[in-house]
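Notes follow the structure.
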Amino acid sequence: MSQLELKALQIRHVGPVDLTVSGGTITCVSGESGSGKSILLRAIADMLPHAGDVCLDEQCANTTSPPLWRRQVGLLPAETEWWYETVEEHFTDKDDELLSKMGFAAKTWHWTVSDCSTGERQRLGILRCLSNKPRALLLDEPTASLDPENISRVEQLILEYVKNNKVPVIWVSHSREQIQRIAGVHYKMKDGKLVKQ
Amino acid sequence: MSGGVIPLGLLDLSIAATLVIILAILTWRLQLGMSRSVLIAGLRTVVQLLLLGLLLEYLFASSHPLLIGFLALVMLVVAGREVMARQQRPFSGTWGYGLGTLSMFISSFTITIFALNIIISPQPWYLPQYAIPLLGMMLGNTMTGVALTLDNLTRSAWQQRDIIEQRLMLGQDWRTAICDVSRDSLRTGLIPIINSMAAAGIISIPGMMTGQILGGSSPWDAAKYQILIMFMITAGTGFAAVLASWLGTRRLFDERQRLRLDRLAPKRTD
Numbered sequence: 001m002s003q004l005e006l007k008a009l010q011i012r013h014v015g016p017v018d019l020t021v022s023g024g025t026i027t028c029v030s031g032e033s034g035s036g037k038s039i040l041l042r043a044i045a046d047m048l049p050h051a052g053d054v055c056l057d058e059q060c061a062n063t064t065s066p067p068l069w070r071r072q073v074g075l076l077p078a079e080t081e082w083w084y085e086t087v088e089e090h091f092t093d094k095d096d097e098l099l100s101k102m103g104f105a106a107k108t109w110h111w112t113v114s115d116c117s118t119g120e121r122q123r124l125g126i127l128r129c130l131s132n133k134p135r136a137l138l139l140d141e142p143t144a145s146l147d148p149e150n151i152s153r154v155e156q157l158i159l160e161y162v163k164n165n166k167v168p169v170i171w172v173s174h175s176r177e178q179i180q181r182i183a184g185v186h187y188k189m190k191d192g193k194l195v196k197q
Numbered sequence: 198m199s200g201g202v203i204p205l206g207l208l209d210l211s212i213a214a215t216l217v218i219i220l221a222i223l224t225w226r227l228q229l230g231m232s233r234s235v236l237i238a239g240l241r242t243v244v245q246l247l248l249l250g251l252l253l254e255y256l257f258a259s260s261h262p263l264l265i266g267f268l269a270l271v272m273l274v275v276a277g278r279e280v281m282a283r284q285q286r287p288f289s290g291t292w293g294y295g296l297g298t299l300s301m302f303i304s305s306f307t308i309t310i311f312a313l314n315i316i317i318s319p320q321p322w323y324l325p326q327y328a329i330p331l332l333g334m335m336l337g338n339t340m341t342g343v344a345l346t347l348d349n350l351t352r353s354a355w356q357q358r359d360i361i362e363q364r365l366m367l368g369q370d371w372r373t374a375i376c377d378v379s380r381d382s383l384r385t386g387l388i389p390i391i392n393s394m395a396a397a398g399i400i401s402i403p404g405m406m407t408g409q410i411l412g413g414s415s416p417w418d419a420a421k422y423q424i425l426i427m428f429m430i431t432a433g434t435g436f437a438a439v440l441a442s443w444l445g446t447r448r449l450f451d452e453r454q455r456l457r458l459d460r461l462a463p464k465r466t467d
């Protein structure tokens, strides 16, 4: 069980944001595009210059080596990127069970990434993010490009990971139904501030 | 130098210039939008080389070390500007100019001074007949290598920024996250000089050897000098490109290993 704590986090027009997400709970963030949701997630993963700090229990971003910090706060971008030819080359830990829960057969490891659809890449990206065993999750519209069947598959898989590992989650979503299904707390990003709904 | 050179007159040069003017007219008719550049570059060649000729005549007569040092510095400054001008997205601020110039300076000056003192050993070692043409050839080639390397590095980093950041997000360190980009940029910078070593003597008679033969040297001596120069140029270009790629890659990331493309100047539109 770990707790994610944003301490006066500020990036350009976004923030300062103070927020605590406890382990095993999902905090949803919605808001117009350009309101700063993605920027906030990127700053938590220390991908952008920012003021303030983020802590995972006792460990804080500003005093942790960046690669280690980023492995622990799994940031899933809205669009995942792939640079090797095959799927498996992008994974250090190939978990067949997780793969099948995501609706893929074992031969998927040998697929050529450029042949995958946007939705397939999205689901594989989620697997790749989880295979790092992050202690917190920062998800930027993880189901945006998926059909209803896969949306519920992905939700289930992530909820299971969250429950089993008691990780805190910040989940950016545009879908009111999804937010109702999964969110413990729901904030709307407005003028760079988080407003509780 | 025995044999001597057949001197060229104004008429001879004018005839050669006519060829370039015909080329400019041709590019204009083909609507390549390059005729201006061809003419301006041609004009620059005339002015710059005549000035250089005059300057060297004077310099060879005086051989004052300070004067030679000053000329070397001017050559470096101009080469540095050229490196920056050849990049689509150079680093902004002093880094844009400093990075390429520093890499060229360290590499070309070290190797030229090394070759003059250890290998060729003219008396004194800075004898301008040797020092200035050697340094010129070093800088000219190093410039191409550094410019290609840096241009490729910053352009690819820009194009592949999403991939680099994705790799950072997954916990790779900055060196690993950008390794494909920096390796490719270095390769791009080194290819021309490797090609010219491989082609030397078969496909092309290198410029310096041609010059020495026209100037009356024995082809055998000219070949040995050309080999020396080729090796110096290759080493100089290689070391400078490695240094530029290394410094440039570092500069693309900050102390928290974030990709900082905001450190690049806005894209040039020409």
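These protein sequence lines are chains A and B, in that order.
Here our numbering is used: the first sequence runs in plain steps of one and ends on residue 197.
Here our numbering is used: the second sequence runs in plain steps of one and ends on residue 467.
Even glycine gets a Cβ: it sits at the ideal position worked out from N, Cα and C.
Residue i in three-state terms, based on DSSP
{"i": "E81(A)", "result": "coil"}
{"i": "H50(A)", "result": "coil"}
{"i": "Q357(B)", "result": "coil"}
{"i": "I11(A)", "result": "strand"}
{"i": "S199(B)", "result": "Reliability of the predicted coordinates at S199(B) is poor, the pLDDT of 44 falling under 50, and the value obtained from them is presented with this limitation in mind. Coil, per DSSP."}
{"i": "L4(A)", "result": "strand"}
{"i": "S100(A)", "result": "helix"}
{"i": "D209(B)", "result": "helix"}
{"i": "P67(A)", "result": "helix"}
{"i": "S30(A)", "result": "strand"}
{"i": "D57(A)", "result": "coil"}
{"i": "T224(B)", "result": "helix"}
{"i": "F267(B)", "result": "helix"}
{"i": "P262(B)", "result": "helix"}
{"i": "P204(B)", "result": "coil"}
{"i": "L19(A)", "result": "strand"}
{"i": "L345(B)", "result": "helix"}
{"i": "L383(B)", "result": "helix"}
{"i": "T339(B)", "result": "helix"}
{"i": "L159(B)", "result": "Because chain B spans 198 through 467 in this model, residue 159(B) falls outside it and cannot be assessed."}
{"i": "T86(A)", "result": "strand"}
{"i": "L461(B)", "result": "strand"}
{"i": "L411(B)", "result": "helix"}
{"i": "L216(B)", "result": "helix"}
{"i": "L456(B)", "result": "strand"}
Residue i, enclosing alpha helix (DSSP H) - first and last residue
{"i": "T177(A)", "result": "Per the sequence shown, residue 177(A) should be read as Glu rather than Thr. Start and end: 176-182."}
{"i": "S474(B)", "result": "Beyond the ends of chain B as shown, which are 198 and 467, falls residue 474(B); an answer cannot be given."}
{"i": "W111(A)", "result": "No alpha helix (DSSP H) contains W111(A), which DSSP labels as neither H nor E."}
{"i": "M427(B)", "result": "416-448"}
{"i": "K193(A)", "result": "Taken as a continuous stretch (DSSP letters only), K193(A) belongs to no alpha helix (DSSP H), being part of the beta strand (DSSP E) at 193-196."}
{"i": "R42(A)", "result": "37-44"}
{"i": "A374(B)", "result": "371-374"}
N-terminal and C-terminal residue of the beta strand (DSSP E) that residue i is part of
{"i": "I399(B)", "result": "Careful: I399(B) lies outside any beta strand (DSSP E) and carries neither H nor E."}
{"i": "L76(A)", "result": "73-76"}
{"i": "I170(A)", "result": "169-172"}
{"i": "K188(A)", "result": "185-190"}
For residue j and residue i, believed in contact at Cβ under 8 Å, the rounded distance
{"i": "T346(B)", "j": "I390(B)", "result": "Not quite, the Cβ-Cβ distance comes to about 11 Å (not below 8 Å), so this is no contact."}
{"i": "C28(A)", "j": "A183(A)", "result": "4 Å"}
{"i": "M189(A)", "j": "R153(A)", "result": "With a Cβ gap of about 27 Å, M189(A) and R153(A) do not count as contacting."}
{"i": "A437(B)", "j": "G337(B)", "result": "The pair is not a contact, with the Cβ atoms about 12 Å apart (cut-off 8 Å)."}
{"i": "V413(B)", "j": "V202(B)", "result": "Note on identity: in this sequence residue 413(B) is Gly, with Val being the wrong assignment. That pair is a contact at about 7 Å."}
{"i": "L440(B)", "j": "A354(B)", "result": "Not really, about 17 Å apart at Cβ, beyond 8 Å."}
{"i": "S382(B)", "j": "L324(B)", "result": "Their Cβ separation, rounded to whole angstroms, is 37 Å, which puts S382(B) and L324(B) out of contact at 8 Å."}
{"i": "Q356(B)", "j": "E81(A)", "result": "Rounded, the Cβ-Cβ distance is 12 Å, inconsistent with contact."}
{"i": "G433(B)", "j": "M335(B)", "result": "5 Å"}
{"i": "K193(A)", "j": "G23(A)", "result": "At roughly 25 Å, the Cβ-Cβ gap does not stay under 8 Å, so K193(A) and G23(A) are not in contact."}
Residue i: CB within 7 Å of a non-hydrogen atom of the ligand FAD
{"i": "R71(A)", "result": "This structure simply doesn't include the ligand FAD, nor any ligand for that matter."}
Counting only runs that start and end within the region 292-337 of chain B, where is the alpha helix (DSSP H) found for 4 or more residues in a row? Correct list: 307-311.
As an exercise, report each continuous beta strand (DSSP E) stretch of at least 3 residues that is fully enclosed by the region 115-161 of chain A, in chain order. Fully contained in the region 115-161 of chain A are the following beta strand (DSSP E) runs of length 3 or more, in chain order: 136-140.
Determine which residues of the region 76-94 of chain A have a Cβ less than 7 Å from any Cβ of chain B, and write them out in chain order. For the region 76-94 of chain A, which is checked against every Cβ of chain B, the residues closer than 7 Å are P77, T80, E81, W83.
Counting only Cβ-Cβ distances shorter than 8 Å, please list the residues of the region 119-152 of chain A near chain B, keeping chain order. Along the region 119-152 of chain A, going in chain order, the ones with a CB nearer than 8 Å to a CB of chain B are R128, C129, N132.
What residues in the region 31-51 of chain A bring their beta carbon closer than 9 Å to a beta carbon of chain B? From the region 31-51 of chain A, only R42, A45, D46, M47, L48, P49 have a Cβ closer than 9 Å to chain B.
Quick one: which residues of the region 157-187 of chain A get their C-beta closer than 8 Å to a C-beta of chain B? List them in chain order. Result list empty, no residue passes.
May I ask you to list, following chain order, the residues of the region 1-27 of chain A that have a beta carbon less than 9 Å from some beta carbon of chain B? Residues passing the 9 Å Cβ filter: none.
Relative to chain A, which residues along the region 265-293 of chain B have a C-beta separation below 8 Å, given in chain order? Interface annotation for the region 265-293 of chain B against chain A: empty, criterion Cβ-Cβ distance under 8 Å.
What are the residues of the region 351-364 of chain B that lie near chain A, defined by any Cβ-Cβ distance shorter than 9 Å? Close to chain A, meaning a Cβ-Cβ distance shorter than 9 Å, are the following residues of the region 351-364 of chain B: Q357, D359, I360, I361, E362, Q363, R364.
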